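Single-structure report; data block below.
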Amino acid sequence: MKEEAIFAGFGGQGVLSMGQMLAYAAMIEGKEVCWFPSYGPEMRGGTANCITIISDTMISSPIITFFDTVIALNQPSVDKFESKVKPGGSIIYDSTNILEPPKRTDIHLFPIAGSESALKLRNLKVLNMIILGAYTKVKNIVEPETIINALYEVLPERHHKLIPLNKQAFEVGMSLIQNTH
Amino acid sequence: MKEEAIFAGFGGQGVLSMGQMLAYAAMIEGKEVCWFPSYGPEMRGGTANCITIISDTMISSPIITFFDTVIALNQPSVDKFESKVKPGGSIIYDSTNILEPPKRTDIHLFPIAGSESALKLRNLKVLNMIILGAYTKVKNIVEPETIINALYEVLPERHHKLIPLNKQAFEVGMSLIQNTH
Amino acid sequence: MGEIKLMKGNEALAEAMMRAGCDAYFGYPITPQSEVLEYLSREAPFKSKMVVLQAESELGAINMIYGASGCGKRVMTTSSSPGISLMQEGLSYIASAQLPCLVVNINRGGPGLGTIQPSQADYMQAVKGGGHGDYHLIVLAPYSVQEMVDFIKLGFELGEKYRNPVMILADGAIGQMMEKVELFDFIEKKEEAPEWATTGRKPGKDRVYITSLFIQPETMENVNKILQAKYREIEKNEVRFQVINLDDAEYVLTGYGLGARICMKAMELGREKGYKIGLIRPINLYPFPYKIYSEIATKIKGILDVEMNAGQMVEDVRLAVEGKTPVRFYGRMGGMIPTPEEILENFEKFFIYGDKDERNRND
Amino acid sequence: MGEIKLMKGNEALAEAMMRAGCDAYFGYPITPQSEVLEYLSREAPFKSKMVVLQAESELGAINMIYGASGCGKRVMTTSSSPGISLMQEGLSYIASAQLPCLVVNINRGGPGLGTIQPSQADYMQAVKGGGHGDYHLIVLAPYSVQEMVDFIKLGFELGEKYRNPVMILADGAIGQMMEKVELFDFIEKKEEAPEWATTGRKPGKDRVYITSLFIQPETMENVNKILQAKYREIEKNEVRFQVINLDDAEYVLTGYGLGARICMKAMELGREKGYKIGLIRPINLYPFPYKIYSEIATKIKGILDVEMNAGQMVEDVRLAVEGKTPVRFYGRMGGMIPTPEEILENFEKFFIYGDKDERNRND
Amino acid sequence: MSEIETISVSKEAIIKPENLVYSPPKTLLDIPMHYCPGCGHSTTHKIFMEVVEEMGIKNEIIGVTPVGCSVFAYYYLNVDMQQAAHGRACAVATGIKRVLPDKYVFTYQGDGDFAAIGTSESIHAANRGENFLVIFINNGIYGMTSGQMAPTTLPGMISTTSPYGRDVKTQGHPFKITEVIATLPGSAYVTRQSVHTTANVRKAKKALRKALEIQKMNIGFQLVEIVSNCPSNWRMTPLESNKFVEEQMIPFYPLGDIKVPEVK
Amino acid sequence: MSEIETISVSKEAIIKPENLVYSPPKTLLDIPMHYCPGCGHSTTHKIFMEVVEEMGIKNEIIGVTPVGCSVFAYYYLNVDMQQAAHGRACAVATGIKRVLPDKYVFTYQGDGDFAAIGTSESIHAANRGENFLVIFINNGIYGMTSGQMAPTTLPGMISTTSPYGRDVKTQGHPFKITEVIATLPGSAYVTRQSVHTTANVRKAKKALRKALEIQKMNIGFQLVEIVSNCPSNWRMTPLESNKFVEEQMIPFYPLGDIKVPEVK
Amino acid sequence: MAKAIGEIIIDIEKCKGCELCIVACPEETLALANSINKKGYRYAEVVVDNCTGCANCAIICPDACIIVYRLIVKKSA
Amino acid sequence: MAKAIGEIIIDIEKCKGCELCIVACPEETLALANSINKKGYRYAEVVVDNCTGCANCAIICPDACIIVYRLIVKKSA
Ligand SMILES: Cc1ncc(C[n+]2csc(CCOP(=O)(O)OP(=O)(O)O)c2C)c(N)n1
Ligand SMILES: Cc1ncc(C[n+]2csc(CCOP(=O)(O)OP(=O)(O)O)c2C)c(N)n1
Ligand code: SF4
Ligand code: SF4
Ligand code: SF4
Ligand code: SF4
């Protein structure tokens, strides 16, 4: 089993921690994992992304050019990474913001009204958890519980009070898949 | 024809310019020449020396370990370089200062009462010219006149007024040879 | 078995530093390694008694290292390419004065200010001596976050064993990526300083001084002879490398650090296509594992050296092989990272389909 | 025919600088090359319009060079080993920004503060790149005071032709000794600056900027490709070397700078004893004359490489020869200078009587 | 009490060249700057280019960018520029000015660049009285490298390398290099300004113009410090960051001229 | 008018341990120093070792030598020493003091080392309030490299790199780094002394002792500048050089305490 | 008696939504839009048509997004 | 009434003939010798036997060449 995913969005949308939570959960479940962020000033203002690789066997290169799954939280990310999805792969994206959806027919598309639901939860910051929920549901590579546990590891102490909200958002995200399919 | 000489003494005794004058004169007379000084802080207070090489053919190494002639203005120089004279070579030294003269029998020794005559000229600074005169007489590698001309090149403008005195000292040096042999 | 964590290379390195009993860290921020000083600033006050100081510059940092190491302490600094260039005079002094210390270069793309993306273009600087004079750093090239941790301990030990500066040469990717690591436990430190260290005169003992100045060339030559003898020792004892699939190999892929990791993937892909490819990964870049290359050279059809630079380590490979088998090079420069597919493609171009555009032997 | 003088290497260099139309010199004192700045301070006010400035440090000097060169001027600095180490970051920037300039290293014995006596131990730093990233300096190695003069002119021309920093690598002896020199006449300067230079915007033209920062790795890789293409050009056009007695040679002595001069004497002595010895003297150290060595390798019984270091250029000789003939090394370190007699003795030990103590192939 | 009265004029009637009261300087290239929202770097770029435009010297000036967030200033400032190694801008500018004494020369540097790694180059250029202008952006932090402590970070101020607040006992005091340079005979004009309010922007612009006029007089080094912000690494909104400038930075780094030449 | 009267006592009667009024400190090794005749380096070495001996701290102190004529100080000073790269002594001392806070630490530096190439390390160590002593020998010239201009060379003063006298317009003004360091909050004790007369030698010795006592109090950086001579490169006899110190150097570099902590 | 009427043009794609112009404006003419631009920023827009053309917003705007026009209308007595 | 009688011992091989002691001595006790030491320096020597042991010479001597003894002789009334 091997999953090569990239999480992309605006800086501040929390894409890096999405990838980290997934990697952490997979590690807890005994997988080999590797997480690689985009870094440096070009992040600032602009877009951020991270690659998360999960595998049963040793991971050779942390940097890859084609992905099983692209998780896109903004338009530039779809524009940039649609072409990088392996045939048969998937794009999971926030359909509220992304007005020009991906067009490829040889891959699975999962439009998620993430920002919309986030507004319902009165907190745009949880968009990443919603989408991560959807991702977990779609790909079921790790157990949802493990992700929730991962929250405790990935979030700094001072933010642990936010865990219930994030948990809720995560579950909303999972449910959005049920509803849309 | 080839002459490999080293001039040695205390810093301030003017040994470097002795070697330079010789090199310059030899150059004027169409020889290949190379002059190499000891340099750096260890000179300070301590001893200074320079190697002057004169040859009809190209000079390969400016630094050599054995010499045809050692010109010594102080005791440490005799002690240090006596052993570096090639068999059949010469040591020309200031016998006024150097109380423990060289002992080798396979080389020519030229004790010159340089400081003594310098005091007669009321100027210890001309010791180097006296010894250089003696050297020129002993080895006659360059014409005395050429050395005198060299003075104009080697001495900075502001010291040209001293040339007559130096000329005189040089001639005294030459005469000392006549008198001692 | 030690604590297991998911950590960034730079942070794992900083954590390992504390656990290895590092007494002092002096550093100056630079991407992609600033996390080291940041992590230490956050964690050290609680986990260790070590000194953590942000210097005014890399020049300041490397000379603080000199002073603290001269007191017999475990000290280190980290930086990235331009900052490491500024340390070259200091490193030459440290090597000459025979002071142990650990310096990490999280190599980014150059030359000049360049880019902050990962690179391996500082190989020559690290291995052949970027500073003046005849000296060597012991150079370790980790290829995983785990090795970032393990080489801190090894690095300190080697430095102290040989009284020589040690460099960990990793690229920005190793520093930035997160992987599973097993952390060793905090080390108990033996407190008394070595007798060469300046800790204040010991009653009855002569004063000690630390210097790299030997004005008499005869003396300086002797110092050099001592250094050279030490380097021969190191070359005898400290060669480290990893080999995979050499037994049946017809071709060898070679590279270090991240490059080697990517070569492993390329090797897998190649073997899937039926090419008998083996791999050599130098773990020490100095001393370099010349022997394994010269031994294998006669048994194979060619070596493809892969680096994230214009071709640096390949010179050492060629020195080892002495023309006994073709040595080809494939590299990406300026912060670009080769993909396993690219590598395989070039492997086929060079060795399978025959190479149209052979490069000048000696570039 | 130009003016004939008896001059010290460092002073001849400074005189040549003025005559070659150097616009600015920035430097910091260090033995054994301080005479350069001293001579310019004395003479330049009367002989040239050039800027002569004592910088606060070598770091200051090399970056002043960057700025002045960026304005399209002929600029240079001189220093010695420790000072050159401090310039490594600056040199990497200059190479990356493709600015022409001339840097002189009057090499002294290291590592560390070392000694002020002559040495050749900065070969690797000069030739393989002491700074970070993939770049090359064009390196010229004079072996006489005359070449100190001639290479100033050549150096400026090469730098401007390739927009690349040029280094003159000489040792303390060449800088300190006096020899007969023929000086070329003062050069008329063409005043208009190249279009890449920052001289204030030219009306109607776009602004120009000089940088070595290319944050996108793709861009940085392209910059590197441009640099590498330039280096291939230089390697094609600018190899310079001298050979003596190769036609009947059974053995070859090789060395550069002062080392080569001493080898010449050793060759004479050897020929007197009936040994058929030839000599190869690289004049450029980069680009290195690999070809002449690989060509001769098959025709001779061995090469003895002589350097005033622990064995640096010998790696390039071995890269060229690829084991086709034995390559041996004899060196003196830390400011010591080999004598012709010593060299011949070692030649005989290695090649005539057969060598008892062969050194590790790869040190 | 005058009754309100509406005068309605069409947009078109207003948007006419003759009614233009402000438009960005042409010497600032019309491309988005990479700086974070509300960053003082952008503001300073803009007003300095206004000065250059108003003085009509865009062909007479050469600039040097540091390593720091403003490393890319040459993308935006439409004049000849050089990019210098971290901390060496003053050495680079010395090289430029010495060979082109008739051009205006300036460096643009952050606090890490000018007052940490560049201390030696900065102070000696000032001490030699090099005749160029340094625009010194003091935002009390390392911006480009994402928020480490700068030599000018305030006591107790939090940064990624002073996570519990700058401890002056172990990490040293904020370094007021501007005051130091004012004491050097080589400096001619030394002033401290800010760009966090419209009024301060106007003053800062005047100071920059004055500096260039003094450069014309060739009487010494010119230093204009801009007390600025770094919303991103201060972890504040732009508005909060300007409040911090007002309430924390300026009391410690008081604004105004520190050294002014008596004009002849 | 009292008539002269001779008392004759034998040498032996006088040369007795109990009559000893001065003998060189044991902490100064009994070997000839390489310094030139009359050089203030020697005098300063001697009196500093007297202080170390009198305080009984020869096992509690670690020194750092610069690159300069005093590079070899470790040959003479019988305490643990490190030799630092040119200009980096304050960084080296920082490294030492930070890991051995209970030891006395000092650097000994010339003007080129401390105030030219070392400016950044010197100023930032002072600014961080590093708790060590700098003995700063200001002889207005580069001695070891044989007489080039130093940052402290007087206006119009001749050196091999200012052969027509230092021209402040192009070569900059003498850099009074001591006054600069006194303005930094990190410095605790800053004083300027000389060793060209017996009286000044006594004062300088007191200052050195005071500096070490302040180091014990751990309240900040200590700087003792010694206005000194360089007969060799000033091209003067030792006596002439001391006259020059008196008549030229001291008027420009006035002696005395510049910053003294209020002692509790 | 005269009255100043202003018009401003905001380059919304350059705008980064820093809000400096909003607080700088004495007339409270400006506010952030609810929609975002291509870079993902909520941009400034005119919400009350009472601009006097004082240009404070343009002067404070770091990113040089604002152009200001001003017309002085004289009231005929 | 008391009188101080001094004796100094000069290490002539360490002496560099800088003359500082000579001018520092209030009694003009010292002068340079006419002969030179091994290093080639004319060294300082006592020329008048009137040393009071004030130690000025030793204090100023850069090269720590001088040791000073002092005896106070009381005149019995
Ligand atoms: C030699 C070197 N050291 C360190 C760095 C990393 N670096 C880049 S910018 C910077 C400091 C930026 O802070 P500042 O100068 O205050 O400018 P700002 O970004 O805050 O505007 C540092 C340390 C570098 N590029 N080169
Ligand atoms: C990096 C470096 N640059 C330059 C030198 C050469 N150098 C040695 S000492 C010195 C300056 C000596 O002057 P100063 O510091 O005033 O001490 P002094 O000799 O006058 O006591 C210089 C420039 C060096 N050794 N290293
Ligand atoms: S990081 Fe700070 S200084 Fe840099 S652009 Fe952003 S706000 Fe401005
Ligand atoms: S050169 Fe000058 S400073 Fe150096 S020892 Fe001689 S007199 Fe003293
Ligand atoms: S000041 Fe400029 S960038 Fe900021 S919100 Fe207003 S228009 Fe946008
Ligand atoms: S002071 Fe010392 S060195 Fe100088 S002359 Fe007197 S005894 Fe000799």
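Protein chains in written order, with the working numbering: chain A, 1 to 181; chain B, 1001 to 1181; chain C, 2001 to 2363; chain D, 3001 to 3363; chain E, 4001 to 4264; chain F, 5001 to 5264; chain G, 6001 to 6077; chain H, 7001 to 7077.
We treat Cβ as the ideally placed atom computed from N, Cα and C, and that holds for glycine.
Remember, it's a predicted structure, so these values are computed and weren't measured experimentally.
- Between D/Gly3175 and D/Pro3032, the C-beta gap is smaller than 8 Å, which places the two residues in contact.
- For D/Val3104, the enclosing beta strand (DSSP E) has its first and last residue at 3101-3107.
- Using beta-carbon distances, D/Arg3108 does not count as an interface residue toward chain F, since no partner is under 8 Å.
- Contact annotation: in the segment 6039-6072 of chain G, residues whose CB is within less than 9 Å of a CB in chain A are Lys6039, Gly6040, Tyr6041.
- Counting along the chain, A/Pro87 sits inside the beta strand (DSSP E) bounded by residues 85-94.
- Contact between the segment 3010-3020 of chain D and the segment 3150-3158 of chain D is present, with at least three C-beta pairs closer than 8 Å.
- With 16 or more other Cβ atoms from the protein chains shown falling within 10 Å of its own Cβ, D/Pro3217 counts as buried.
- The C-alpha of E/Ser4008 lies about 45 Å from the C-alpha of E/Val4224.
- Annotated as proximal: D/Glu3011 and D/Tyr3039, with beta-carbon spacing under 8 Å.
- Under the 8 Å criterion on CB atoms, A/Thr65 is classed as interfacial with respect to chain C.
- Straight through space, the alpha carbons of C/Ile2234 and C/Ile2292 are spaced by roughly 17 Å.
- The shortest C-alpha to C-alpha distance from C/Glu2307 to any of C/Ala2044, C/Pro2282, C/Gly2114 is the one to C/Pro2282.
- Taking 8 Å as the CB threshold, G/Glu6019 lines the interface with chain E.
- At a cut-off of 8 Å, the C-beta of D/Lys3299 has no neighbouring C-beta in chain C.
- Per DSSP, C/Phe2026 lies in no alpha helix (DSSP H) segment; the continuous beta strand (DSSP E) that holds it begins and ends at 2024-2027.
- When only Cα atoms are considered, D/Leu3053 and B/Asp1068 end up about 44 Å apart.
- The nearest non-hydrogen atom of ligand 6 is less than 7 Å from the C-beta of H/Lys7016.
- Secondary structure at C/Asp2305: strand, using DSSP grouped into helix, strand and coil.
- Taking 8 Å as the cut-off, the beta carbon of H/Cys7057 is found closer than this to the beta carbon of H/Cys7021.
- Not a single C-beta of chain D is nearer than 8 Å to the C-beta of E/Glu4012.
- A Cβ-Cβ contact shorter than 8 Å links D/Arg3261 with B/Ser1060.
- Cβ neighbours of A/Phe170 within its own chain (closer than 8 Å, five residues either side excluded): Met129, Ile130, Leu132, Gly133, Thr136, Pro144, Ile147, Ile148.
- With fewer than three CB-CB distances shorter than 8 Å, the segment 1019-1034 of chain B does not count as touching the segment 160-174 of chain A.
- Counting along the chain, F/Ser5122 sits inside the alpha helix (DSSP H) bounded by residues 5119-5127.
- C/Gln2098 is outside the set of residues whose beta carbon lies under 8 Å from a beta carbon in chain A.
- In the structure shown, C/Phe2350 adopts helical secondary structure according to DSSP, grouped into three states.
- Taking a C-beta cut-off of 8 Å against chain E, none of the residues of the segment 5075-5096 of chain F qualify.
- Annotation for C/Ile2296: Leu2246, Val2252 place their beta carbon closer than 7 Å to its own, counting only its chain and skipping 5 residues before and after.
- Assigned with DSSP and collapsed to three states, E/Ser4162 falls in strand.
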